[in-house]
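Only one structure is covered here, and it is reproduced in the block below.
In the working numbering, the protein residues as written are 38 to 184.
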């Protein structure tokens, strides 16, 4: 009986893992919203970032991609899924003071805290927060929506 129970549990867990993997592959990728610099791609994992409530998105950044200093009205949890991500909590993108996030690690960007990110090579990040998602640039000239 115990062996049957262990077999059943391991089968269920394996099925759950493959189901999660299948959902990951089923994400629909497209160009990132206009509020981000061109070149990034986005996929919605859950929720709707344009509406009130929790959401999770994934972003693919090409090599040498940067999002200039900005902030959001709510906390943002950033988990690096692949690649390397440099970031800083400041009003200016200063690589000399950058921190480095490696795959599997997470950083929380607090609400209204100015921060920036730079991907030296291709990178995929997962961002979770509460919508509606908004990005406010420190320097309005950095806002790609105004170009």
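Beta carbons are placed, not taken as given, at the ideal position from N, Cα and C, and that holds for glycine.
Query raised in the report: What is the DSSP secondary structure of residue 69, reduced to helix, strand or coil?
Result: coil
Requested in this report: Identify whether residue 159 lies in helix, strand or coil by the three-state DSSP scheme.
Outcome: coil
Report task. Return the chain-ordered list of same chain residues with a C-beta closer than 7 Å to the C-beta of residue 182, the five sequence neighbours on each side being excluded. Result -> 71 and 72
Report task. Report the option in 104, 95 and 83 whose CA atom is closest to the CA atom of residue 175. Result -> Distances from the CA of residue 175 to each of 104, 95 and 83 were compared; the closest alpha carbon is that of 104.
Query raised in the report: If you check the beta carbons only, do residue 116 and residue 162 fall under 8 Å apart?
Result: yes
Report task. Evaluate residue 130 with the Cβ neighbour count: other Cβ atoms within 10 Å of its Cβ, from every protein chain shown; 16 or more gives buried, anything less gives exposed. Result -> buried
Query raised in the report: Using the beta-carbon count (16 or more within 10 Å), is residue 160 buried or exposed?
Result: Result: buried.
Query raised in the report: Do residue 164 and residue 96 have their C-beta atoms closer together than 8 Å?
Result: Yes, the pair counts as a contact, with Cβ atoms nearer than the cut-off.
Query raised in the report: Exposed or buried, residue 108, counting other C-beta atoms within 10 Å across all chains shown (16 or more means buried)?
Result: buried
Query - 8 Å Cβ cutoff met for residue 166 and residue 89 - result: Judged by their CB atoms, residue 166 and residue 89 are not nearer to each other than the 8 Å cut-off.
Query - Cβ neighbour criterion (16 or more within 10 Å) applied to residue 87 - result: exposed
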